[in-house]
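2 protein chains.
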Amino acid sequence: MGEHMTIFLVSDRTGITIESLVRTLLTQFDEVSAERVVRPFCDDADKVERVVAEINMAAEADGVPPLVYSSLVDEDLRSRLKRSRGKVFDIFDAFLPALSDALHMPSSEHVGKAHGIGDYHDYDQRVEAVNFALAFDDGAKVKGLEEADLILIGVSRSGKTPTCLYLAMQYKVRAANFPLTEDDFMQGHLPKPLQAHRDRLFGLSIAPERLHQIREERRPGSVYASLAQCRSEISAAENLFRSERIPFVDSTNMSIEELAIEIMQRVGVERAW
Amino acid sequence: MGEHMTIFLVSDRTGITIESLVRTLLTQFDEVSAERVVRPFCDDADKVERVVAEINMAAEADGVPPLVYSSLVDEDLRSRLKRSRGKVFDIFDAFLPALSDALHMPSSEHVGKAHGIGDYHDYDQRVEAVNFALAFDDGAKVKGLEEADLILIGVSRSGKTPTCLYLAMQYKVRAANFPLTEDDFMQGHLPKPLQAHRDRLFGLSIAPERLHQIREERRPGSVYASLAQCRSEISAAENLFRSERIPFVDSTNMSIEELAIEIMQRVGVERAW
Numbered sequence: 069m070g071e072h073m074t075i076f077l078v079s080d081r082t083g084i085t086i087e088s089l090v091r092t093l094l095t096q097f098d099e100v101s102a103e104r105v106v107r108p109f110c111d112d113a114d115k116v117e118r119v120v121a122e123i124n125m126a127a128e129a130d131g132v133p134p135l136v137y138s139s140l141v142d143e144d145l146r147s148r149l150k151r152s153r154g155k156v157f158d159i160f161d162a163f164l165p166a167l168s169d170a171l172h173m174p175s176s177e178h179v180g181k182a183h184g185i186g187d188y189h190d191y192d193q194r195v196e197a198v199n200f201a202l203a204f205d206d207g208a209k210v211k212g213l214e215e216a217d218l219i220l221i222g223v224s225r226s227g228k229t230p231t232c233l234y235l236a237m238q239y240k241v242r243a244a245n246f247p248l249t250e251d252d253f254m255q256g257h258l259p260k261p262l263q264a265h266r267d268r269l270f271g272l273s274i275a276p277e278r279l280h281q282i283r284e285e286r287r288p289g290s291v292y293a294s295l296a297q298c299r300s301e302i303s304a305a306e307n308l309f310r311s312e313r314i315p316f317v318d319s320t321n322m323s324i325e326e327l328a329i330e331i332m333q334r335v336g337v338e339r340a341w
Numbered sequence: 069m070g071e072h073m074t075i076f077l078v079s080d081r082t083g084i085t086i087e088s089l090v091r092t093l094l095t096q097f098d099e100v101s102a103e104r105v106v107r108p109f110c111d112d113a114d115k116v117e118r119v120v121a122e123i124n125m126a127a128e129a130d131g132v133p134p135l136v137y138s139s140l141v142d143e144d145l146r147s148r149l150k151r152s153r154g155k156v157f158d159i160f161d162a163f164l165p166a167l168s169d170a171l172h173m174p175s176s177e178h179v180g181k182a183h184g185i186g187d188y189h190d191y192d193q194r195v196e197a198v199n200f201a202l203a204f205d206d207g208a209k210v211k212g213l214e215e216a217d218l219i220l221i222g223v224s225r226s227g228k229t230p231t232c233l234y235l236a237m238q239y240k241v242r243a244a245n246f247p248l249t250e251d252d253f254m255q256g257h258l259p260k261p262l263q264a265h266r267d268r269l270f271g272l273s274i275a276p277e278r279l280h281q282i283r284e285e286r287r288p289g290s291v292y293a294s295l296a297q298c299r300s301e302i303s304a305a306e307n308l309f310r311s312e313r314i315p316f317v318d319s320t321n322m323s324i325e326e327l328a329i330e331i332m333q334r335v336g337v338e339r340a341w
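Chains as they are written, first to last, in my numbering: chain C, 69 to 341; chain U, 69 to 341.
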C-alpha cells in the first residue's frame, strides 16, 4: 500500500470494542501505515456529521476512501455515517440481525453500555479488587491472604504487579502477589505465609536475559540486575515451583493480557463478564 | 427467550476482542439469560475439535443451536468450527475480505497478536506507566510530577486511583493523582505542587449521595463518610475547579473506561494504539 490512508473508529460510547476489533484485524497485515482517528461518544446527529466532514476531508486529502469502523446503535446515525465518502463497517450491521434472529428478540437500540457503569455493584467490585491488589502487592500484607482468588509468586520484576492489577481491573479477580527472595531459596520451601494457600498459588518465570534487561533499566550495573544473579534466582524459583508442584508460566513472550487469561484458565478462576 | 441457550466465545489468542464484541452486542437485548463459555488459545485442530464437541453437547442439551462467536485466523480451524452444530460468526470472516480489498494486500493469516506482547518496548512502556501511576498515587510523590501526562484531582474516593491505573495499563498514559483536602479548600486555591501543572490537571467530581455510599463501605458511621461531609467537600472541590478553570467531570454514572476515554479526549492526550 503506497498511498496514505486513514482509518476512522467511530463509536457512540468509548470505542473500546471497535478499537480492539480493528487492532485484531490489522494484525493480519504487515506494515499497514494507515493513520488512525478515534472518535468516541458520537451519540447525536451533530457529532456524527462532524465526523462525516472529517472523513470526507480525509478522502479528499488521501485520494482514497478512508476505512470507517463503527459501533453506532442508532440506525439514523449509522445511515448518516454511511453517506460519508468512507467505507463504513458497523459491528451492529454485521452481527445484530443474526443475533436478534437467534434470540427471537428484537434489539432495543439503546446506546450501548458495554463499557458503561452498568450498576454500582459492578463498579464497586472492580474498585475493591483493585484496592485488594494494591494492598496485597509485593507481599505488603499477609493477613487476609485467604480472601485472594489467586496469588502470583515470582522473583522481583517478573511481572507480578501489572498482571495482578490487570486481573483486578478487567476481571474483578482479587489477585495478591508475593515476591520470592534468596531467603526463600535458601530455605528451599515456600514462604510461610503462602503455605496455607497452595491451591491458589501461581508462579511467574521469565528468561534470565529479559529479566536482566528489565532490572538494568531500574538499577544499572547492580548485582541485582546482573545476568548471573538473574540466572541464579530464576533457576531457584523454577526449582521451587517444581518441587512444590506449583503451576507456573514463562512470561517472557507474553503480554499482560495473555498472562492474565492463561493464569485464570489454569487456576480455574472464572472469567467474569 | 424461554429456552436455555449457550454462547461460545472461541479465540486462538486471549478472546478479549470477541468478549468485548459480544458484550457490546448483548447490550442491545434486555434479559438475555444465555450461559457464556469462553475458550481462549484454541490454536490447533485438537483444541478446536474439543470445543466443537462441547458445542455439540450444548446443542443437544439446550435443544437450540448455541451461538458461537470466534476469532480464528486460520481458515482450516474456522471451517472445523463451522462444522459444529452452533451458529458460527467469525470476525475475520465478517471483516477481513473487505479490509484486504481496501488495503490491496492479502492477509497474512498468522495468529493474531492483538493482545500479544508485540515487542518488549511496548510492554516496558505499559509497565513503566503502571509504576508511574503507583508512585504518584494519592499525592504520594510530587517530585517528578512534570513527567505526568495528566494529573487527576478530587476528593478522597472520587475514583482517581482506578482511573489512573486504567489509563496507564490500557493507554500507557502517565497519570498521577492528587487528593483535594479541607486544607486546600480553606486556602481557596490549588495545592502548591499542582500550580506549575495546570495544563495537565483534570478534576473528578461525584454525586454526594454516591460518595457517601462509597465511603460508608470503608468507614461506616464516620464523619468522613457522612452525607453532610461529602456534600461540603464536593461543593468546595467544584468551586475550586471552577475558580481555577480546571476541566472536570461528574464520575457518578460513568465506568472507569468512560472516565478514561473522556479525560484523554478533553485533556488532549493521544489514545495510544
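Every residue gets a Cβ at the ideal spot worked out from N, C-alpha and C, and that includes glycine. Every value quoted in this text rests on a predicted model; they were computed, and no experiment measured them.
Chain-order list of residues whose beta-carbon lies under 6 Å from that of residue i (same chain, five-residue window excluded)
{"i": "F204(C)", "result": "A244"}
{"i": "L235(C)", "result": "V241, A243 and A328"}
{"i": "A340(U)", "result": "Y239 and K240"}
{"i": "D217(C)", "result": "V241, R242 and V337"}
{"i": "S88(U)", "result": "none"}
{"i": "M69(U)", "result": "In this prediction, M69(U) has a pLDDT of 44, which is less than 50 and means its spatial position is unreliable; what the coordinates show is noted afterwards. Result list for M69(U): empty, nothing under 6 Å."}
{"i": "R107(C)", "result": "V78 and V119"}
{"i": "R104(U)", "result": "I75"}
{"i": "C298(C)", "result": "P276, L279 and H280"}
Reference residue i, options the options, closest by Cα
{"i": "A113(U)", "options": "L93(U), M125(U), E103(U) and V78(U)", "result": "V78(U)"}
{"i": "K211(C)", "options": "P261(C), T231(C) and L233(C)", "result": "P261(C)"}
{"i": "I324(U)", "options": "T82(C), F76(C) and E71(C)", "result": "T82(C)"}
{"i": "M322(C)", "options": "P259(C), S226(C), Q263(C) and A296(C)", "result": "S226(C)"}
{"i": "D144(C)", "options": "C110(C), A129(C), L220(C) and I75(C)", "result": "C110(C)"}
{"i": "V223(U)", "options": "D130(U), L248(U) and L213(U)", "result": "L248(U)"}
{"i": "P259(C)", "options": "H280(C), R283(C), I219(C) and T231(C)", "result": "I219(C)"}
{"i": "Y188(U)", "options": "A162(C), Q281(C) and D187(C)", "result": "Q281(C)"}
{"i": "V335(U)", "options": "A293(U), D267(U) and R283(U)", "result": "D267(U)"}
{"i": "E99(U)", "options": "M73(U), A121(U) and E122(U)", "result": "M73(U)"}
For residue i, the three-state DSSP class (helix, strand or coil)
{"i": "Y292(C)", "result": "coil"}
{"i": "M69(C)", "result": "Low confidence applies to M69(C): its pLDDT is 44, below 50, so where it sits in the model is not reliable, and the reading given next is rough at best. It is coil, neither helix nor strand."}
{"i": "E285(U)", "result": "helix"}
{"i": "I75(U)", "result": "strand"}
{"i": "R157(C)", "result": "Note that residue 157(C) corresponds to Phe in the displayed sequence, not to Arg. Strand."}
{"i": "S319(C)", "result": "coil"}
{"i": "V198(U)", "result": "helix"}
{"i": "V105(U)", "result": "strand"}
{"i": "A244(C)", "result": "strand"}
{"i": "F270(U)", "result": "strand"}
{"i": "S139(U)", "result": "strand"}
{"i": "I84(C)", "result": "helix"}
{"i": "G336(U)", "result": "coil"}
{"i": "G212(C)", "result": "coil"}
{"i": "G207(U)", "result": "helix"}
{"i": "I314(U)", "result": "coil"}
{"i": "I149(U)", "result": "According to the sequence displayed, residue 149(U) carries Leu and not Ile. Three-state result, L149(U): helix."}
Beta-carbon separation (whole angstroms), residue i vs residue j, contact threshold 8 Å
{"i": "M237(C)", "j": "M332(U)", "result": "M237(C) to M332(U), Cβ: 16 Å. No contact."}
{"i": "L135(U)", "j": "K155(U)", "result": "5 Å"}
{"i": "G207(C)", "j": "F246(C)", "result": "4 Å"}
{"i": "F253(C)", "j": "A296(C)", "result": "About 15 Å; that fails the 8 Å criterion."}
{"i": "L233(C)", "j": "A201(C)", "result": "5 Å"}
{"i": "E71(C)", "j": "D130(C)", "result": "7 Å"}
Cut-off 7 Å between Cβ atoms - residues of its own chain near residue i, not counting five sequence neighbours on either side
{"i": "T320(C)", "result": "I274, A275 and R278"}
{"i": "A197(U)", "result": "A236, K240, V241 and R242"}
{"i": "F127(U)", "result": "Before going further, note that residue 127(U) is Ala rather than Phe in the sequence given. The residues are P133, P134, R153 and G154."}
{"i": "N124(C)", "result": "S152 and R153"}
Partner residues on chain U for residue i, Cβ-Cβ distance less than 7 Å
{"i": "T85(C)", "result": "S88, L89 and T92"}
{"i": "K211(C)", "result": "Correct list: empty, because the minimum Cβ distance to chain U is about 18 Å."}
{"i": "Q333(C)", "result": "P108"}
{"i": "V100(C)", "result": "L171"}
Under 7 Å from the C-beta of residue i: neighbouring residues of chain C
{"i": "K115(U)", "result": "The contacting residues do not exist; K115(U) stays about 12 Å from chain C at best."}
{"i": "K150(U)", "result": "Near K150(U) there are no residues of chain C at all, since even the closest Cβ is about 14 Å away, more than 7 Å."}
Sequence-distant residues of the same chain with beta carbon closer than 8 Å to residue i, five excluded per side
{"i": "G354(C)", "result": "Residue numbering for chain C in the displayed model covers 69 to 341; residue 354(C) lies beyond these limits and cannot be assessed."}
{"i": "V326(U)", "result": "As written in the sequence, residue 326(U) is Glu, which differs from the Val given in the question. So the list is empty, once near-sequence residues are dropped."}
{"i": "L140(U)", "result": "V78, S79, D80, C110, V116, R146, L149, D158 and F160"}
Interface residues of chain C facing residue i [CB-CB closer than 8 Å]
{"i": "S226(U)", "result": "In chain order: nothing, as chain C lies at least about 11 Å away."}
{"i": "P230(U)", "result": "R194, V195, V198 and M237"}
Heavy atom of the ligand MG within 7 Å of residue i beta-carbon
{"i": "D169(C)", "result": "Looking at this structure, you won't find the ligand MG or any other ligand, since it has none at all."}
Partners in chain C for residue i, counting only beta-carbon separations shorter than 9 Å
{"i": "T74(U)", "result": "The contacting residues do not exist; T74(U) stays about 11 Å from chain C at best."}
{"i": "D420(U)", "result": "As displayed, chain U neither begins before 69 nor continues past 341, which places residue 420(U) out of reach and without an answer."}
Within chain U, the residues that residue i reaches when beta carbons sit closer than 9 Å
{"i": "T82(C)", "result": "S323, E325, E326, A328, I329 and E330"}
{"i": "L145(C)", "result": "Those do not exist, as L145(C) stays about 14 Å from chain U at its closest Cβ, beyond 9 Å."}
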